[in-house]
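Undergrad:
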Amino acid sequence: MENLAQATGGKAFFGSNDLAGALQQGIQEGSNYYTLAYYPQNPNWNGKYRQIRVEMAQKGLSLAYRRGYYACRCGGPH
Numbered sequence: 005m006e007n008l009a010q011a012t013g014g015k016a017f018f019g020s021n022d023l024a025g026a027l028q029q030g031i032q033e034g035s036n037y038y039t040l041a042y043y044p045q046n047p048n049w050n051g052k053y054r055q056i057r058v059e060m061a062q063k064g065l066s067l068a069y070r071r072g073y074y075a076c077r078c079g080g081p082h
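Taking the working numbering, I'd label the letters of the sequence shown as residues 5 to 82.
Here it is, written out as structure tokens:
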């Protein structure tokens, strides 16, 4: 679950039944965010997985973002 959460820009909560605490933490962490848009230069929509890497100039900050996507024009989420 942790790998899936990280790959999709999320966070896994486990080892506790504290659902209210997990929701509160998620709300707090999501209260400061930016939205970035990306359109690939590669026009080959071949269905292969493409990695995305986002870096910050300022060190010591954490980022939550989707680590990649499948290059297809199928219209569905991947």
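All residues carry an ideal CB built from backbone N, CA and C; glycine is no exception.
Note that this is a predicted model, so its numbers are computed, not measured.
Do Arg54 and Ala75 have their CB atoms nearer than 8 Å?
TA: The count along the sequence shown starts at 1 and reaches residue 54 at position 50. The count along the sequence shown starts at 1 and reaches residue 75 at position 71. Yes.
Undergrad: My assumption, with CB atoms under 8 Å, is that Ala9 sits in contact with Lys15. Please give the rounded CB distance.
TA: Position 5 of the sequence shown, counting from 1, holds the residue named residue 9. Position 11 of the sequence shown, counting from 1, holds the residue named residue 15. About 5 Å; that satisfies the 8 Å criterion.
Undergrad: Leaving out the 5 sequence neighbours to the left and right, which residues in its chain are closer than 8 Å to Tyr73 when beta-carbon positions are compared?
TA: Walking along the sequence shown from the start, residue 73 turns up at place 69. A distance below 8 Å between beta-carbons, with the five flanking residues on each side excluded, links Tyr73 to the following residues of its chain, in chain order: Tyr53, Arg54, Ile56, His82.
Undergrad: Considering Cα atoms alone, identify which of Asn50, Arg77, Glu6, Thr12 is closest to Arg71.
TA: Taking the first residue of the sequence shown as position 1, residue 71 is located at position 67. Closest option to Arg71, Cα to Cα, is Thr12.
Undergrad: Using a Cβ-Cβ cut-off of 6 Å (strictly less than) and excluding sequence neighbours within five positions of Ala68, which residues of its own chain qualify?
TA: Within the sequence shown, the letter at position 64 stands for residue 68. Excluding sequence neighbours, Ala68 sits near Gly13.
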